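Visitor: My questions will all concern the structure given below.
In this note's numbering, the protein residues as written are 443 to 820.
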C-alpha cells in the first residue's frame with residue numbers, strides 16, 4: 443500500500459503563505475511519519491521569470507501606494523476574481539497544474555493562497571476528484587478565498603468562520619484550527635543556550651521584525667526604541683532585505699552591545715523564546731507565531747486591508763496594542779524594565795488563551811478528509 447501524499451500549493455505574495463504551507467507539511471510528517479508532502483509556490487514553479495516580475499510589482503505597490511492596495515482589497519472584498527484575471531490564470535496555470543497533479547497523484551491538495559485554490563477549484567469543476575483544503579492565512583476572509591469546490595476550510599478564528607457562514611459556506615466545511623505554525627513555536631527552548639549562541643544579554647529583550655517592509659526607518663518610533671538600549675535589549679530582524687541591514691550596520695545609533703542586527707534566519711522561534719515583546723507589522727503568520735509563543739505584541743503601520751483586520755483581532759483579544767506614537771513605546775519599554783514579573787504573567791495568559799482557542803488539529807482535519815474520500819470511493 444503506497445504512502446498517502448499531500449500536495450501543498452502556495453504563492454510568494456509575502457512570506458506568510460508559504461511559511462504556513464511548510465509549517466503544515468512539517469506538522470503532518472511529525473504526526474503521521476508515513477505521509478509524503480510536497481510544497482510548491484505554484485507561480486514560481488511554473489513560470490519563475492514571470493513570478494519574479496509580479497511579486498516585485500506587488501511589493502513596490504505595497505511600499506509606494508498602500509492606500510491604493512487597500513482600496514483594491516475593499517473593492518473586491520466580497521467578490522471572486524474578475525473574469526479577466528480568471529482567464530489569465532486559466533491560460534497561465536490550468537493545463538500545467540493538471541499535469542503536476544497527474545504526475546504527483548496526491549490524496550489531498552492544500553492551498554495556503556487563494557490563487558492556487560482558484561486554479562484547483564476550476565480543475566475540480568472539470569472532473570478532478572482529489573479533495574481540496576484551503577487554509578486562510580489571515581484573521582479575515584477576502585472573497586477570492588471562497589469557492590464551492592473547496593471541501594474544507596481551515597480558519598484562524600471564530601470571526602472568520604462567521605464571515606464564511608454569512609457568505610453561504612456550509613458549517614461542516616469549516617474548522618477553526620488557527621494558522622499553521624512550525625512545531626518549534628509550540629515547544630520550549632533552552633534560553634541560556636539561545637542567549638549564548640546569539641551573544642545576547644539576560645535583560646529585558648524586544649524583537650523587532652518587519653525591516654523588509656519599511657519598519658526600520660528614521661521615524662520617531664525607532665528613535666524612541668533606541669533611547670532604551672541601555673536598559674532594554676533590541677533584536678532587529680531584516681529577513682532577506684540586505685540593503686536595509688547594511689544601512690543600519692553603518693548607522694551609529696545601532697552600534698551598541700544591546701542592539702543586534704540579523705538578516706534572514708530560520709530560528710525566529712528561538713528569538714521569540716528569549717524575547718519579552720514583539721514589535722512587528724500585523725501580518726497573519728508572524729502574529730500567529732508570536733501568539734503560539736505567548737509573546738505580547740506592538741503593531742506598526744498595518745497595510746490597509748487584511749493587516750488592519752489582523753490588528754483588530756489581536757488588539758480586541760488583548761494580545762497586543764497598536765503603536766499610536768512614541769508614547770506607546772515608552773510605556774511598554776518602561777514596563778519591561780521595571781515590572782518584569784507582570785510582563786511574564788501576561789505571557790502565560792496569552793499562551794493559555796491560545797490553547798483554549800485552537801483545539802482542532804489542522805493535520806488531523808486533512809487526514810480525516812483523505813480517509814473520507816477513500817471510503818466514498820470504495
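A virtual CB, placed ideally from N, CA and C, is assigned to each residue, including glycine. Please read all numbers here as calculations on a predicted model, not as lab measurements.
Would you mind giving the Cβ-Cβ distance between residue 684 and residue 705, rounded to the nearest angstrom? I have them listed as a contact below 8 Å.
Guide: Contact flag correct, Cβ pair sits at about 6 Å.
Visitor: On the criterion of 16 or more Cβ atoms from any shown chain inside 10 Å, does residue 605 qualify as buried, or is it exposed?
Guide: The residue in question, residue 605, is buried, as its Cβ has 16 or more Cβ neighbours within 10 Å.
Visitor: Less than 9 Å separating the beta-carbons of residue 735 and residue 627?
Guide: Against a cut-off of 9 Å, the Cβ pair of residue 627 and residue 735 comes out as a contact.
Visitor: So, with DSSP's three-state summary, where would you put residue 647?
Guide: Looking at residue 647 - three-state DSSP - the assignment turns out to be strand.
Visitor: Out of 548, 668, 568, point me to the one whose CA is closest to residue 444's CA.
Guide: Out of 548, 668, 568, 548 has the C-alpha closest to the C-alpha of residue 444.
Visitor: Could you check what DSSP says for residue 657 in three-state terms: helix, strand or coil?
Guide: In this predicted model, residue 657 has a pLDDT of only 49, less than 50, meaning its place in the structure is not dependable; the value taken from the coordinates is given anyway. Residue state, collapsed to three classes: coil.
Visitor: Would DSSP call residue 618 helix, strand or coil?
Guide: DSSP places residue 618 in strand when its eight states are reduced to three.
Visitor: What's the call for residue 590, buried or exposed, on a 16-neighbour Cβ count within 10 Å?
Guide: Label assigned to residue 590: exposed.
Visitor: How many whole angstroms separate the CB atoms of residue 424 and residue 753, which I take to be in contact at a CB cut-off of 8 Å?
Guide: Nothing can be reported for residue 424: it is not among the residues displayed for the chain, which extend from 443 to 820.
Visitor: Taking the straight line between their C-alpha atoms, what separation do you get for residue 739 and residue 813?
Guide: Near 39 Å, if we compare the C-alpha coordinates of residue 813 and residue 739.
Visitor: With residue 589 as the anchor, note down where its beta strand (DSSP E) starts and where it stops.
Guide: Careful: residue 589 lies outside any beta strand (DSSP E) and carries neither H nor E.
Visitor: With a CB to CB cut of under 8 Å and the five nearest residues on each side skipped, what residues in its chain are close to residue 570?
Guide: Closer than 8 Å at Cβ, skipping near neighbours: 540, 543, 562.
Visitor: With distances taken from CA atoms, which of 778, 448, 452, 464 is nearest residue 708?
Guide: Closest by alpha carbon: 464.
Visitor: Based on DSSP bridge pairs, tell me the residues matched to residue 550.
Guide: Bridge partners of residue 550: 448.
Visitor: Please report the distance separating the alpha-carbon of residue 448 from that of residue 458.
Guide: If you take the alpha carbons of residue 448 and residue 458, they lie about 19 Å apart.
Visitor: For residue 580 and residue 725, what's the separation of their Cα atoms in angstroms?
Guide: Rounded to whole angstroms, residue 580 to residue 725 spans 8 Å at the Cα level.
Visitor: Which residues bound the alpha helix (DSSP H) around residue 557?
Guide: Counting along the chain, the alpha helix (DSSP H) containing residue 557 begins and ends at 556-567.
Visitor: I'd like the list of long-range same chain contacts for residue 636, defined as Cβ closer than 7 Å, with 5 residues on each side in sequence excluded.
Guide: Hits under 7 Å: 712, 715, 716.
Visitor: Would you kindly work out how many angstroms separate the C-alpha atoms of residue 786 and residue 573, rounded to a whole number?
Guide: Each residue's Cα considered, the two are about 43 Å apart.
Visitor: Residue 470 and residue 620 - do their beta-carbons sit closer together than 9 Å?
Guide: Contact flag unset, no.
Visitor: Of the choices 593, 791, 747, 692, whose alpha-carbon is the least far from that of residue 737?
Guide: With distances taken between Cα atoms, residue 737 lies closest to 791.
Visitor: Alpha carbon to alpha carbon, how far is residue 536 from residue 769? Give it in angstroms, no decimals.
Guide: One C-alpha to the other measures close to 52 Å.
Visitor: Rounded to whole angstroms, what is the Cα-Cα separation between residue 747 and residue 666?
Guide: Residue 747 and residue 666: Cα-Cα distance of roughly 28 Å.
Visitor: In whole angstroms, give me the CA-to-CA distance for residue 601 and residue 690.
Guide: Those two C-alpha atoms are separated by around 39 Å.
Visitor: Just checking my contact of residue 453 with residue 558 at CB under 8 Å: how many whole Å lie between their CB atoms?
Guide: Right, their Cβ atoms sit about 7 Å apart.
Visitor: Would the beta-carbon of residue 648 fall within 9 Å of that of residue 756?
Guide: Contact: no.
Visitor: List the whole-angstrom C-beta distance separating residue 651 from residue 722, where the pair is believed to meet the contact cut-off of C-beta under 8 Å.
Guide: Indeed they touch by this definition, with Cβ atoms about 4 Å apart.
Visitor: DSSP three-state call for residue 764: helix, strand or coil?
Guide: It is a strand residue.
Visitor: Pick out whichever of 680, 466, 718 has its Cα sitting closest to the Cα of residue 804.
Guide: Checking every option, the nearest Cα to that of residue 804 belongs to 466.
Visitor: Is it buried or exposed for residue 630, if we count other Cβ within 10 angstroms and need 16 for buried?
Guide: The residue in question, residue 630, is exposed, as its Cβ has fewer than 16 Cβ neighbours within 10 Å.
Visitor: Helix, strand or coil for residue 675, going by three-state DSSP, please let me know.
Guide: The answer is strand: DSSP assigns residue 675 an E or B state.
Visitor: Per the DSSP calculation, residue 478 is bridged to which residue(s)?
Guide: 447.
Visitor: So, with DSSP's three-state summary, where would you put residue 719?
Guide: Residue 719: strand per DSSP, three-state reduction.
Visitor: Quick one: is residue 607 buried, meaning 16 or more other Cβ sit within 10 Å of its Cβ, or exposed?
Guide: With fewer than 16 Cβ atoms within 10 Å of its Cβ, residue 607 is classed as exposed.
Visitor: With a threshold of 16 other CB atoms inside 10 Å of the CB of residue 822, please say whether the residue is buried or exposed.
Guide: In the structure displayed, the chain extends from 443 to 820; residue 822 sits before or after that span and is not available.
Visitor: Use the C-beta contact count for residue 773: other C-beta atoms within 10 angstroms, 16 or more gives buried, fewer gives exposed.
Guide: Burial call: exposed.
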